[in-house]
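> Sending over a structure as structure tokens; questions will come in a sec.
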Amino acid sequence: MRVNTNKYTRVRCFVIFQNLKDEWLSNVRKDVLSGIAVAFALIPEAIAFSMIAGVNPMIGLYGAFIISVIVSIFGGRLGMISGATGSTALLMVLLVKNHGDQYLFAAGILTGIIQIMMGIFKLGRFITFVPHTVVTGFVNALGILIFLAQLPHIEGAGMVAYAMVATTLVIVYGLPHLTKVIPSAIVAIAFMTVVSIVMHLHLQTVGQIGELSGHLPYFHIPSVPLNWNTFMIILPYSFPIALVGSLETLLSATVVDDLTNTKSNKNKEIRGQGIANLVTGFFGAMAGCAMIGQTVLNVEYGGRKRLSTFISGAFLISLIVLFRPIVSEIPVAALVGVMFMVAANTFEWKSIGQLHRVPRIEAVIMILTVVSVVATNDLAIGVFAGVALSAVTFGWKIARLHATTSTDKEGVKIYILRGQMFFATMTHFVQLFDVHVDPQKIIIDFTHTHIWDHSSVVGIQRVINRYKECNKTVHFIGLNEESKELLDKFSSLKSA
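If you read the sequence shown in the working numbering, its first letter stands for residue 8, the second for the next number, and so on.
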């Protein structure tokens, strides 16, 4: 027995080792290069989102570093990039304005706890309730938002800045036709930085957007009172941040699943995001979630494994701490050009050509999702609007119930039902029966239907009671096991 146990242990350790090796070291070159490219793209975004939330830029940069590193270890979707995002930053504005940074850090800790609990209770499966049309609308809306978010950086900057954006795009799209050894985004950013310094172009730089610190984040407990009042202050912010962050993460993971033709553990990803947000609160950083734009960039450059996510965060903090003077000189216009490419690659251009092919209501749902997200700059509103309309549409389609009737040789009338029995069809079900005209004995055939909820049972009870008032009997046939179990909970129906 001991020999078998030892053998099993060795086999299990070998399998774990192989899995770790595959997840970390099976795509090293591409993961490292794509992670480096993503790190550059994270800088302006993290700074911009910090400014949205009303905090020091380093709080967003620290968040991007910590979340990426933690998620690379504990996340369930390999190759996905996470950090401070606009959707979560928007939810932090009032908290920071009314209570300050320390309450923001405390809210991040509570956000992480909520997400960890969501992962434990396997709430990640609810992403299956989001229709493909809504996911497509979400992706297209993010592509538009990524594009629009870059415009303030170059608005009124002059022809030199516009020319740099255009040249960056030429390099980004043109270089891969010559070589793919190094991601074109890295080459474009490095080349444009050298050109800007050598030619003294006087363009806005990363260092001018926000002051960069050369220090690593350090552990500290948020300076807030540990009491019920603090909890009630941060809960109204932590809960929506957790929901919106989880939703954006799940949708982003679904997009990466489709792009790479692989599967991911959605509940593990939510737990990983929760652990990351929990840690950010203790290191003076802001909470966040998956970043679809940077994730698409990572995938485009071959990032597939955990190493790419780790490198994006680790290289980011290395740039800030070790190469701060150089990073500060990177022209924002070059980064804008890269993000324009990300926006273009994020948008599902094929979906426009397919609008006339898909059912009209699905096209409306996709457009509604896009318009809602872009108009409100709120991911949750757009996705919830799309899901709600999809649910109503689906309910309308299946809320059809009809019956055919026949009479056997003994004069028994048989109602053969077709359709689904649930709250939306209950009233129609009751109206199907000619109680006063029908013979003494009635049979209802449920072979082609299913009883889904308590409303259906109430409707059946009403029909039985109406027949009883006329001294007539009702019998059921064709019930499947689930429908029978639901009916058997009510003694008055068991004897019918």
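C-beta atoms are modelled at their ideal positions from N, C-alpha and C, and glycine is treated no differently. Predicted, not measured: the structure shown is a model, and the values here were computed from it.
1) Spatial neighbours of His409 within its chain, please: C-beta separation below 7 Å, excluding the five flanking residues on both sides.
2) Where does Asn511 land, buried or exposed, given buried means 16+ other C-beta within 10 angstroms?
3) Asn268: buried (16+ other C-beta within 10 angstroms of its C-beta) or exposed?
4) What are the start and end residues of each continuous alpha helix (DSSP H) run of 4 or more residues lying completely inside the segment 75-145, in chain order?
5) Let's test the definition: count the other Cβ atoms within 10 Å of the Cβ of Gly389 and tell me whether it reaches 16, buried, or not, exposed.
6) Can you tell which of Ser379, Lys448, Ile423, Val465 has the C-alpha that lies nearest to the C-alpha of Leu486?
7) Would the beta-carbon of Val334 fall within 8 Å of that of Ile74?
8) Where does Lys14 fall in DSSP's three states?
9) Please determine if the segment 28-43 and the segment 309-327 are in contact, where contact requires at least 3 C-beta pairs separated by less than 8 Å.
10) Using the DSSP secondary-structure output, state which residues sit across from Met428 in a beta bridge.
11) Classify His207 as helix, strand or coil using the three-state DSSP reduction.
12) Answer yes if the segment 363-379 comes into contact with the segment 239-256, meaning at least three C-beta pairs across the two stretches below 8 Å, and no otherwise.
13) DSSP on Pro229, reduced to helix/strand/coil?
14) Using only CA atoms, which one of Ala44, Phe56, Val18, Gly82 lies nearest to Trp31?
15) Could you tell me the alpha carbon to alpha carbon distance between Gly181 and Lys273, rounded to whole angstroms?
16) Beta-carbon within less than 6 Å of Met65's beta-carbon, same chain only, minus the 5 sequence neighbours each way: which residues are those?
17) Is it buried or exposed for Gly163, if we count other Cβ within 10 angstroms and need 16 for buried?
18) Between the segment 349-369 and the segment 138-157, can you find at least three pairs of beta-carbon atoms closer than 8 Å?
19) Going by Cα to Cα distance, which pick from Val213, Asp495, Thr383 is closest to Ala148?
20) For Gln215, collect the residues of the same chain with a Cβ closer than 7 Å to its Cβ; drop the 5 residues on either side in sequence, then sort them by chain order.
21) Got a sec? Which residues, its chain only, sit under 8 Å from Ala48 by beta carbon, not counting five neighbours each side?
22) Look at the alpha carbon of Cys20 and the alpha carbon of Asp29, and state the distance between them as a whole number of angstroms.
23) Among Phe226, Tyr225, Arg313, Thr261, which has the Cα closest to the Cα of Gly42?
24) Exposed or buried, which one is Met239 when buried takes at least 16 other CB atoms within 10 Å?
25) One question on the structure: do Val45 and Ser319 come within less than 8 Å of each other, judged by their Cβ atoms?
26) On a CA-only basis, which of Trp459, Ser253, Asp452, Leu396 is nearest Thr92? Give me that one, please.
27) Short check: CB of Val263 to CB of Arg84, under 8 Å?
28) Take Pro232 as the anchor and find which of Thr186, Tyr110, Gly126, Gly144 has the nearest alpha-carbon.
29) Helix, strand or coil: which one does DSSP assign to Lys312?
30) Determine the extent of the alpha helix (DSSP H) in which Ser379 is found, giving its start and end residues.
31) With 16 as the cutoff for other CB atoms within 10 Å, does Leu101 come out buried or exposed?
32) Taking just the CA atoms, how far does Thr411 sit from Asn472?
33) What does the Cβ neighbour count give for Leu494, buried or exposed, with the cut at 16 atoms within 10 Å?
34) Are the segment 414-421 and the segment 454-470 touching by the rule of at least three beta carbon pairs closer than 8 Å?
35) From the DSSP output, in three-state form, read off Glu435 for me.
36) Could you pull out every residue in the same chain whose Cβ sits closer than 7 Å to the Cβ of Thr376, ignoring the five residues on either side in sequence?
Taking the definition as stated:
1) Stepping through the sequence shown from its first residue, residue 409 is reached at position 402. Excluding positions up to five away in sequence, the list reads Arg425, Gly426.
2) The structure shown does not extend to residue 511, since the chain spans only 8 to 503, so no value can be given for it.
3) Sequence index remark: in the sequence shown, residue 268 carries index 261 (1-based). Classification of Asn268: exposed, given that the 10 Å Cβ count is below 16.
4) 93-96, 100-106, 108-127
5) Position 382 of the sequence shown holds residue 389. In summary, Gly389 is buried, with 16 or more beta-carbon neighbours lying within 10 Å of its beta-carbon over all protein chains present.
6) Within the sequence shown, numbered from 1, the residue matching residue 486 stands at position 479. The shortest C-alpha separation from Leu486 is found at Ile423.
7) Sequence index remark: in the sequence shown, residue 334 carries index 327 (1-based). Sequence index remark: in the sequence shown, residue 74 carries index 67 (1-based). It is not a contact, given that the beta carbons lie outside the stated cut-off.
8) Locating residue 14 in the sequence shown gives position 7, where the first residue counts as 1. When secondary structure is reduced to three states using DSSP, Lys14 falls in the helix class.
9) Yes, the segment 28-43 is in contact with the segment 309-327.
10) Translated into positions along the sequence shown, residue 428 becomes position 421. In DSSP, Met428 forms a bridge with Ile458.
11) Counting from 1 along the sequence shown, the entry for residue 207 is found at position 200. The answer is coil: DSSP assigns His207 none of H, G, I, E or B.
12) no
13) In the sequence shown, residue 229 corresponds to position 222, counting from 1. In the structure shown, Pro229 sits in coil (DSSP, three-state: anything other than H, G, I, E or B).
14) Position 24 of the sequence shown holds residue 31. Ranking Ala44, Phe56, Val18, Gly82 by Cα distance to Trp31 puts Gly82 first.
15) Indexing the sequence shown from 1 puts residue 181 at position 174. Indexing the sequence shown from 1 puts residue 273 at position 266. Rounded to the nearest angstrom, the two C-alpha atoms are 36 Å apart.
16) Here residue 65 refers to the residue found at position 58 when the sequence shown is read from its first residue. Around Met65: Ser220.
17) The residue you call residue 163 lines up with position 156 of the sequence shown. It counts as exposed.
18) A contact between stretches requires three or more CB pairs, one per stretch, nearer than 8 Å, and the segment 138-157 meets this requirement with the segment 349-369.
19) Counting from 1 along the sequence shown, the entry for residue 148 is found at position 141. When each option's Cα is compared against that of Ala148, the closest is Thr383.
20) Locating residue 215 in the sequence shown gives position 208, where the first residue counts as 1. So the list is empty, once near-sequence residues are dropped.
21) Numbered from its first residue, the sequence shown carries residue 48 at position 41. Once the five neighbours on either side are set aside, the close Cβ partners of Ala48 are Ala192, Gly300, Gln301, Leu304, Leu342, Val345, Met346, Val349.
22) If you number the sequence shown from 1, residue 20 lands on position 13. If you number the sequence shown from 1, residue 29 lands on position 22. Cα-Cα distance, rounded: 14 Å.
23) Here the question's residue 42 lines up with position 35 in the sequence shown. Of the listed residues, the one whose Cα sits closest to Gly42 is Arg313.
24) Within the sequence shown, numbered from 1, the residue matching residue 239 stands at position 232. It is exposed - the Cβ of Met239 has fewer than 16 other Cβ atoms within 10 Å.
25) For the purposes of this step, residue 45 is taken as the residue at position 38 of the sequence shown. For the purposes of this step, residue 319 is taken as the residue at position 312 of the sequence shown. Closer than 8 Å, so yes.
26) Counting from 1 along the sequence shown, the entry for residue 92 is found at position 85. Checked all of Trp459, Ser253, Asp452, Leu396; the closest Cα to Thr92 is Ser253.
27) Counting from 1 along the sequence shown, the entry for residue 263 is found at position 256. Counting from 1 along the sequence shown, the entry for residue 84 is found at position 77. Yes; because the gap between Cβ atoms is below 8 Å, this pair is in contact.
28) Residue 232 sits at position 225 when you count from the first residue of the sequence shown. Checking every option, the nearest Cα to that of Pro232 belongs to Tyr110.
29) Here residue 312 refers to the residue found at position 305 of the sequence shown. Here Lys312 sits in coil by DSSP.
30) Position 372 of the sequence shown, counted from the first residue, corresponds to residue 379. Taken as a continuous stretch (DSSP letters only), the alpha helix (DSSP H) holding Ser379 covers 367-383.
31) One-based indexing of the sequence shown puts residue 101 at position 94. Exposed: under 16 other Cβ atoms inside 10 Å.
32) Taking the sequence shown and counting its residues from 1, one reaches residue 472 at position 465. Taking the sequence shown and counting its residues from 1, one reaches residue 411 at position 404. Those two C-alpha atoms are separated by around 22 Å.
33) As a working note, residue 494 is residue 487 in the sequence shown. Under this definition Leu494 is a buried residue.
34) no
35) Working through the sequence shown from its first residue, we reach residue 435 at position 428. At residue 435 the sequence reads His, which differs from the Glu that was named. Residue state, collapsed to three classes: helix.
36) Your numbering for residue 376 matches position 369 in the sequence shown. So the list reads Val141, Gly144, Phe145, Ala148, Gly389, Val390, Ala392, Gly393, once near-sequence residues are dropped.
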